[in-house]
Amino acid sequence: MLNFSTKPLFYSDSGLVRDPLDRKAFDGFSTESWRETAAQWQLYWQGKSLFVGGQALLLERFERAPTVLLGRHEDRQIFALDLSDWDEADALRFAEAQNAEWADLRRYGPALEAGLAARLAYGRGMVYWHQRTQFCGVCGSPTISAEGGHVRRCTSISCGTPHFPRTDPAVIMLVTDETGPEPRVLLGRQAVWPPGMMSTLAGFVEPGESLEEAVRREVWEEVGVRIGDVSYCASQPWPFPSSLMIGFRAQALTFDIIVDPSEIESARWFTQRELLDPDIAQHVAPRPDSIARRLIEDWLSDAAAAR
Ligand SMILES: [Zn+2]
Numbered sequence: 005m006l007n008f009s010t011k012p013l014f015y016s017d018s019g020l021v022r023d024p025l026d027r028k029a030f031d032g033f034s035t036e037s038w039r040e041t042a043a044q045w046q047l048y049w050q051g052k053s054l055f056v057g058g059q060a061l062l063l064e065r066f067e068r069a070p071t072v073l074l075g076r077h078e079d080r081q082i083f084a085l086d087l088s089d090w091d092e093a094d095a096l097r098f099a100e101a102q103n104a105e106w107a108d109l110r111r112y113g114p115a116l117e118a119g120l121a122a123r124l125a126y127g128r129g130m131v132y133w134h135q136r137t138q139f140c141g142v143c144g145s146p147t148i149s150a151e152g153g154h155v156r157r158c159t160s161i162s163c164g165t166p167h168f169p170r171t172d173p174a175v176i177m178l179v180t181d182e183t184g185p186e187p188r189v190l191l192g193r194q195a196v197w198p199p200g201m202m203s204t205l206a207g208f209v210e211p212g213e214s215l216e217e218a219v220r221r222e223v224w225e226e227v228g229v230r231i232g233d234v235s236y237c238a239s240q241p242w243p244f245p246s247s248l249m250i251g252f253r254a255q256a257l258t259f260d261i262i263v264d265p266s267e268i269e270s271a272r273w274f275t276q277r278e279l280l281d282p283d284i285a286q287h288v289a290p291r292p293d294s295i296a297r298r299l300i301e302d303w304l305s306d307a308a309a310a311r
C-alpha cells in the first residue's frame, strides 16, 4: 500500500479566504478606499518580489489600485500590485528606499513561512496572467479587469467574452521498479539544471489526454520505459508562471533506458541505498520546495517501512 505524507506541499495552503463577495465589492473601490482598507500589499515588478535580507517585504498601504485582491488573511485583505510599468531606474530606486531588493520568489521561497510563500506565489501567477491577458483572444479588443482581478472582460460590446485565470496541468512522476530484491526509482536530468542534480520526470498534459495517459506518454518519450499502474500522490501549485503539478508514482514494466536527448540529458535507476547515501543525495536531490523532492522522500520512507 502506498503511504503519502499529508503535510501540505510548499506553495499550497495559503490560508486565504477566497470570498466572491469581497471580489465584487473590490470593483467599486476608490483609491481612497484602498488606502483605508486593512491590507497587506504584495508588490511585483517584472515577476519579482521585494525582499529584505531574504525575508519578503510587505506594505500596509500603497497609493495605487491593486491589480488583484487575492483574498482575506487574518482580517486583512491581501492585495497584489504589478508595478511592471515602472522603468528599471524607478523600480531600483523604490527598492533602495526600502533597503530591499527585487528577486525571484524561488530564490528565497524555501526559507519563507509556507503560507506566505503560497500567497506570494499565487500573486505572482495572477499578475502574470493579467500581463498576458490585456487583449481578448477571441476578437483582439482590449480587456478590463473585474471581480477583484479574477476576470478580464472583453470591452467590445458585440463580444464581451470573459477570460479567467488559467492553470496548466502538468504530470510529474516517480517511476519505480519494485520487481528486484532492491527497489529502484528512475531519475533524469535536464541540461539546464545545476551540475549533478537529478529529478523525477515531468511534462504537460495534452488536450484530449487523461492524466494517466500523460504519465505513460511522457515516460515513454523521455526514457523509452513502458508504464503499468499509475497512482496519484499529491498536487502542488507551481505558478511560475501557471502550472499545477500533479504527482504520481508510476510502475515500470520495462527497465532499459533510451534517453531522448531533445527532452533530457541523462537518466538512470537509483536504489534506495544510493538515495540514502549522503554523498549521492546532496547532489541528486531536487529543490526542497518541490513536489519532486516529496515524491522521492515519500518513496524512501515507504521503502524503509517495507523492510
Ligand atoms: Zn472580444
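So the sequence shown is residues 5 to 311, counted in our numbering.
Glycine included, every Cβ here is placed at the ideal spot set by N, Cα and C.
Original post:
Mapping DSSP to helix, strand and coil, what is residue 35?
Top reply: In the sequence shown, residue 35 corresponds to position 31, counting from 1. Reduced to three states, the DSSP call for residue 35 is helix.
Original post:
Roughly how many angstroms separate the alpha carbons of residue 269 and residue 184, rounded to a whole number?
Top reply: Here residue 269 corresponds to residue number 265 of the sequence shown, with the count starting at 1. Here residue 184 corresponds to residue number 180 of the sequence shown, with the count starting at 1. For residue 269 and residue 184, the distance between alpha carbons rounds to 26 Å.
Original post:
Per DSSP, residue 45 is paired with what?
Top reply: Reading the sequence shown from its first residue, position 41 is the one you call residue 45. BP columns for residue 45 point to 63 and 83.
Original post:
Does the beta carbon of residue 165 fall short of 7 Å from some heavy atom of ligand 1?
Top reply: In the sequence shown, counting from the first residue as 1, residue 165 sits at position 161. With a threshold of 7 Å, the Cβ atom of residue 165 counts as near ligand 1, since some heavy atom of the ligand is closer than that.
Original post:
Taking three-plus beta-carbon pairs below 8 Å as touching, is the stretch 150 to 157 in contact with the stretch 229 to 248?
Top reply: The stretch 150 to 157 is not in contact with the stretch 229 to 248.
**OP:** For residue 11, count neighbouring Cβ atoms within 10 angstroms of its own Cβ and tell me buried if that reaches 16, exposed if not.
**Re:** One-based indexing of the sequence shown puts residue 11 at position 7. Residue 11 should be labelled exposed.
Original post:
Nearest-angstrom Cα distance between residue 34 and residue 171?
Top reply: Here the question's residue 34 lines up with position 30 in the sequence shown. Here the question's residue 171 lines up with position 167 in the sequence shown. The alpha-carbon atoms of residue 34 and residue 171 are separated by roughly 30 Å.
Original post:
By Cβ distance below 6 Å, which residues in the same chain neighbour residue 156 in space, the five residues on each side in sequence not counted?
Top reply: Translated into the one-based positions of the sequence shown, residue 156 becomes position 152. Result list for residue 156: 137, 147, 149 and 167, in chain order.
**OP:** Return helix, strand or coil for residue 310, following the three-state DSSP convention.
**Re:** As a position in the sequence shown, residue 310 is number 306, starting the count at 1. If DSSP states are grouped into helix, strand and coil, residue 310 belongs with the helices.
Original post:
Which whole-angstrom value describes the C-beta separation of residue 122 and residue 15, a residue pair presumed to lie in contact below a C-beta threshold of 8 Å?
Top reply: Locating residue 122 in the sequence shown gives position 118, counting from the first residue. Locating residue 15 in the sequence shown gives position 11, counting from the first residue. So it is a contact: roughly 5 Å between Cβ atoms.
**OP:** Tell me whether the beta-carbon of residue 279 lies closer than 8 Å to the beta-carbon of residue 304.
**Re:** What you label residue 279 is simply residue 275 of the sequence shown in a count that begins at 1. What you label residue 304 is simply residue 300 of the sequence shown in a count that begins at 1. Taking 8 Å as the Cβ cut-off, residue 279 and residue 304 qualify as a contacting pair.
**OP:** Identify, in the order they occur along the chain, each residue of the same chain with its Cβ nearer than 7 Å to the Cβ of residue 13, setting aside the five sequence neighbours on each side.
**Re:** Position 9 of the sequence shown, counted from the first residue, corresponds to residue 13. Only 238, 240, 295 and 298 meet the Cβ criterion.
Original post:
Looking only at its own chain, which residues have a Cβ that is under 8 Å from the Cβ of residue 31, when we skip the five neighbours before and after it?
Top reply: Position 27 of the sequence shown, counted from the first residue, corresponds to residue 31. For residue 31, where only same-chain residues beyond five positions count, the Cβ hits under 8 Å are 150, 151 and 152.
Original post:
For ligand 1, is there a heavy atom less than 7 Å away from the beta-carbon of residue 142?
Top reply: As a position in the sequence shown, residue 142 is number 138, starting the count at 1. Residue 142 Cβ: within cutoff of ligand 1.
Original post:
Sorry if obvious, but does the Cβ on residue 160 come closer than 7 Å to a heavy atom of ligand 1?
Top reply: For this step, residue 160 is matched to residue 156 along the sequence shown. Residue 160: yes, Cβ under 7 Å from ligand 1.
Original post:
Hey, which unbroken runs of the alpha helix (DSSP H) at 4 residues or more fall wholly within the stretch 237 to 311?
Top reply: 276 to 280, 282 to 288 and 295 to 310
Subject >> Pairwise C-alpha distance: residue 28 and residue 163 >> reply: Here residue 163 is taken as the residue at index 159 of the sequence shown, counted from 1. Here residue 28 is taken as the residue at index 24 of the sequence shown, counted from 1. For residue 163 and residue 28, the distance between alpha carbons rounds to 22 Å.
**OP:** Check whether the Cβ atoms of residue 202 and residue 254 lie closer than 8 Å to each other.
**Re:** Position 198 of the sequence shown, counted from the start, is the residue given in the question as residue 202. Position 250 of the sequence shown, counted from the start, is the residue given in the question as residue 254. Their beta carbons are not under 8 Å apart, which means residue 202 does not touch residue 254 by this criterion.
Original post:
Would you say the beta carbon of residue 149 comes nearer than 7 Å to a heavy atom of ligand 1?
Top reply: In the sequence shown, the residue the question calls residue 149 occupies position 145. No.
Subject >> Neighbourhood of residue 227 by C-beta, 8 Å cutoff - its chain only, sequence neighbours within 5 removed >> reply: As a working note, residue 227 is residue 223 in the sequence shown. 179, 190, 192, 205, 261, 262, 263, 264, 268 and 271, listed in sequence order.
**OP:** Let me know if residue 85 comes out buried or exposed under the rule of 16 or more other beta-carbons within 10 Å of its beta-carbon.
**Re:** Sequence index remark: in the sequence shown, residue 85 carries index 81 (1-based). By the C-beta density criterion, residue 85 is buried, having at least 16 other C-beta atoms within 10 angstroms.
**OP:** Report, in whole angstroms, the separation of the C-beta atoms of residue 75 and residue 128, which I expect to be a contact under 8 Å.
**Re:** As a first step, residue 75 is located in the sequence shown; it is residue number 71 there, counting from the start. As a first step, residue 128 is located in the sequence shown; it is residue number 124 there, counting from the start. Not confirmed; about 15 Å, so no contact.
Subject >> Those runs of the alpha helix (DSSP H) which lie wholly inside the stretch 84 to 145 and span at least 4 residues >> reply: 92 to 101, 109 to 112 and 118 to 136
Original post:
Cβ of residue 145 versus every heavy atom of ligand 1: is any distance shorter than 7 Å?
Top reply: Mapped onto the sequence shown, residue 145 falls at position 141. True, at least one ligand heavy atom lies under 7 Å from that Cβ.
**OP:** With DSSP collapsed to three states, give me the class of residue 230.
**Re:** Taking the first residue of the sequence shown as 1, we reach residue 230 at position 226. If DSSP states are grouped into helix, strand and coil, residue 230 belongs with coil.
**OP:** Give the DSSP bridge partners of residue 52, in chain order.
**Re:** On the sequence shown, residue 52 is found 48 positions in, with the first residue counted as 1. Per DSSP, the beta-bridge partners of residue 52 are 49.
**OP:** Assign residue 173 to one of three DSSP states: helix, strand, or coil.
**Re:** Indexing the sequence shown from 1 puts residue 173 at position 169. Secondary structure of residue 173 (DSSP, three-state): strand.
Original post:
How many Å lie between residue 291 and residue 140 at the Cα?
Top reply: Within the sequence shown, the letter at position 287 stands for residue 291. Within the sequence shown, the letter at position 136 stands for residue 140. Each residue's alpha carbon lies about 37 Å from the other.
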